[in-house]
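One structure is given below, encoded as structure tokens.
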Amino acid sequence: MSPDRLRANEHTDLPPQLWVERGQQVLRAESQALQTLAHALDASFARAVQMLLDCRGSVVVCGMGKAGLVGKKLAASLSSTGTPSYFLHPAEAVHGDLGSVRAVDTVILLSYSGETEEITRLLPYLQETSAATLALTAHADSTLGSRVDLPLLLGSQKEACALGLAPSCSTTAMLALGDALALVVSEQRGFTREQFARFHPAGSLGKQLTPVDEVMRPLAACRVAHYSHTVRQVLIDVGRPGRRTGAVMLTDAERKLVGIFTDSDLARLLESDHAAQLERPISEVMIRNFQTIASGTLLPEAVNLLAQRKISELPVVNETMRPLGILDITDVMSVVSAPWSQPQHALPASSRPQILSLAAYRSPQA
Numbered sequence: 266m267s268p269d270r271l272r273a274n275e276h277t278d279l280p281p282q283l284w285v286e287r288g289q290q291v292l293r294a295e296s297q298a299l300q301t302l303a304h305a306l307d308a309s310f311a312r313a314v315q316m317l318l319d320c321r322g323s324v325v326v327c328g329m330g331k332a333g334l335v336g337k338k339l340a341a342s343l344s345s346t347g348t349p350s351y352f353l354h355p356a357e358a359v360h361g362d363l364g365s366v367r368a369v370d371t372v373i374l375l376s377y378s379g380e381t382e383e384i385t386r387l388l389p390y391l392q393e394t395s396a397a398t399l400a401l402t403a404h405a406d407s408t409l410g411s412r413v414d415l416p417l418l419l420g421s422q423k424e425a426c427a428l429g430l431a432p433s434c435s436t437t438a439m440l441a442l443g444d445a446l447a448l449v450v451s452e453q454r455g456f457t458r459e460q461f462a463r464f465h466p467a468g469s470l471g472k473q474l475t476p477v478d479e480v481m482r483p484l485a486a487c488r489v490a491h492y493s494h495t496v497r498q499v500l501i502d503v504g505r506p507g508r509r510t511g512a513v514m515l516t517d518a519e520r521k522l523v524g525i526f527t528d529s530d531l532a533r534l535l536e537s538d539h540a541a542q543l544e545r546p547i548s549e550v551m552i553r554n555f556q557t558i559a560s561g562t563l564l565p566e567a568v569n570l571l572a573q574r575k576i577s578e579l580p581v582v583n584e585t586m587r588p589l590g591i592l593d594i595t596d597v598m599s600v601v602s603a604p605w606s607q608p609q610h611a612l613p614a615s616s617r618p619q620i621l622s623l624a625a626y627r628s629p630q631a
């Protein structure tokens with residue numbers, strides 16, 4: 266179906282199947298616009314990346330209309346990936362907000378035509394500030410393209426709109442080029458997952474990138490005892506009221522974690538001759554080959570470890586093996602979707618993590 270058929274007085278006559286076909290045409294047109302842009306990308310893109318890396322201040326993004334909406338997304342993407350940035354509305358700029366632009370800043374101006382009046386009238390004032398200027402525009406010989414330090418060209422785009430007017434392919438290309446800039450700059454800065462987590466503390470992203478320290482039960486809420494004590498002494502020491510964990514963490518004189526003793530270990534120990542077993546040093550029956558996770562590790566790694574090892578509790582330690590807390594499977598599952606909670610990846614009932622699982626902590630030699 267040709268876009269020429271889509272006239273305002275005809276649209277109600279089109280059957281739904283043609284709506285689908287037309288939607289496919291729009292998507293293919295925008296996809297083709299991105300392919301064309303990707304093939305046309307040249308050394309000017311590398312110069313634009315370097316310009317942003319060299320920026321000692323903020324990256325100021327400015328656009329009007331649909332380009333302004335793209336600009337807001339670009340500023341947000343830059344900020345969230347390690348490049349300080351903000352959006353400056355061109356109308357507000359000429360009513361005092363130009364004062365926020367400094368010589369150490371870099372200004373990105375967005376205008377497909379390169380002739381948007383609200384944008385081009387800013388150029389003399391930006392030149393006075395000595396701020397570096399970069400344009401995302403279609404034409405190098407436009408007013409905007411010819412007067413900035415570096416034009417980054419989108420190329421001529423045929424809009425997907427039946428009238429050839431509504432920004433579609435042009436804004437998609439502009440949006441994607443902005444993403445390419447932000448992500449390549451971020452990669453060149455060495456932006457890490459940990460930094461990303463700090464900038465996204467809320468919502469689904471924040472939960473997926475939460476350090477284990479924020480979810481673990483702190484040491485004060487854990488059962489901890491000295492490994493030289495008897496089983497009876499340990500049970501007395503850790504028998505205070507409150508929400509219990511299913512494992513006692515056993516430490517040496519330097520407060521380093523040297524063993525784990527679970528409730529199920531105790532149950533097995535007391536299967537015969539209760540009194541004698543309680544007087545044994547707990548170092549004789551504790552699990553020495555146990556799993557830990559380092560402080561600062563992101564939660565998804567801990568979730569995967571719990572699932573793979575089929576354990577229900579995971580001590581969190583510092584670089585000297587001193588325990589800082591314990592990560593309990595029930596606490597983890599309230600924060601993120603664990604692999605075993607997804608039906609399509611569900612483990613068999615017999616192999617799902619069991620609370621207080623003896624096998625989880627027992628060494629092969631035990």
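For the sequence shown, our numbering begins at 266 and goes up steadily by one. We put the beta carbon where it would ideally sit given N, CA and C, even for glycine.
Would DSSP call residue i helix, strand or coil?
{"i": "leucine 442", "result": "helix"}
{"i": "cysteine 434", "result": "helix"}
{"i": "histidine 404", "result": "coil"}
{"i": "serine 411", "result": "helix"}
{"i": "aspartate 538", "result": "coil"}
{"i": "proline 588", "result": "strand"}
{"i": "valine 503", "result": "coil"}
{"i": "aspartate 307", "result": "coil"}
Output the distance between the C-alpha atoms of residue i and residue j, rounded to the nearest integer angstrom.
{"i": "valine 550", "j": "glutamine 498", "result": "14 Å"}
{"i": "proline 349", "j": "phenylalanine 464", "result": "12 Å"}
{"i": "glycine 364", "j": "leucine 388", "result": "14 Å"}
{"i": "phenylalanine 461", "j": "alanine 425", "result": "35 Å"}
{"i": "glutamine 315", "j": "alanine 438", "result": "21 Å"}
{"i": "glycine 288", "j": "alanine 294", "result": "10 Å"}
{"i": "leucine 334", "j": "glycine 328", "result": "7 Å"}
{"i": "arginine 488", "j": "aspartate 517", "result": "14 Å"}
{"i": "proline 476", "j": "glutamate 566", "result": "10 Å"}
{"i": "proline 432", "j": "leucine 279", "result": "23 Å"}
{"i": "isoleucine 558", "j": "alanine 486", "result": "18 Å"}
{"i": "glycine 511", "j": "phenylalanine 555", "result": "14 Å"}
{"i": "threonine 394", "j": "glycine 361", "result": "14 Å"}
{"i": "glutamine 297", "j": "alanine 368", "result": "38 Å"}
{"i": "leucine 302", "j": "valine 285", "result": "26 Å"}
{"i": "arginine 482", "j": "leucine 543", "result": "27 Å"}
{"i": "leucine 470", "j": "arginine 574", "result": "25 Å"}
{"i": "lysine 521", "j": "leucine 484", "result": "13 Å"}
Near residue i, what residues of its chain come up, given a Cβ to Cβ distance below 7 Å and the 5 sequence neighbours on each side ignored?
{"i": "phenylalanine 352", "result": "Val326, Gly336, Lys337, Ala340"}
{"i": "serine 407", "result": "Ser378, Gly379, Glu380"}
{"i": "glycine 347", "result": "Ser451, Arg454, Phe456, Gln460"}
{"i": "proline 546", "result": "Ser493, Thr495"}
{"i": "threonine 398", "result": "Val372, Leu374, Leu391, Val413, Asp414"}
{"i": "alanine 313", "result": "Leu399, Leu415, Leu417, Leu446"}
{"i": "glycine 420", "result": "Thr301, Leu302, Ala305, Ala403"}
With 16 as the cutoff for other CB atoms within 10 Å, does residue i come out buried or exposed?
{"i": "isoleucine 501", "result": "exposed"}
{"i": "glutamine 282", "result": "exposed"}
{"i": "threonine 585", "result": "exposed"}
{"i": "leucine 430", "result": "exposed"}
Once the 5 residues before and after residue i are set aside, which same chain residues still bring their CB inside 8 Å of it?
{"i": "leucine 418", "result": "Ala305, Ser309, Thr402, Ala403, His404, Ala405, Gly410"}
{"i": "leucine 318", "result": "Val450, Gln453, Arg454"}
{"i": "leucine 299", "result": "Thr437, Ala438, Ala441"}
{"i": "arginine 458", "result": "Leu474, Leu563"}
Grab me the residues of residue i's own chain with a C-beta within less than 6 Å of its C-beta, minus the 5 sequence neighbours each way, in chain order.
{"i": "serine 560", "result": "Asp478, Val581, Asn583, Leu589"}
{"i": "aspartate 370", "result": "Gly322, Ser323, Val325, Ala396"}
{"i": "serine 548", "result": "Tyr492"}
{"i": "proline 466", "result": "none"}
{"i": "serine 435", "result": "Tyr377, Gln422"}
Flag residue i as yes if its beta-carbon sits less than 7 Å from any beta-carbon of chain D, otherwise no.
{"i": "arginine 463", "result": "Among the chains in the structure shown there is no chain D, since it carries only a single protein chain."}
Go through the segment 446-500 residue by residue and report every complete run of the beta strand (DSSP E) that reaches 3 residues or more, in order.
488-491
Mind pulling the beta strand (DSSP E) runs of 3 or more residues that sit fully within the segment 343-429?
350-352, 371-375, 397-402, 415-418
Would you list, in sequence order, the uninterrupted beta strand (DSSP E) runs of no fewer than 3 residues that lie entirely inside the segment 516-579?
522-527
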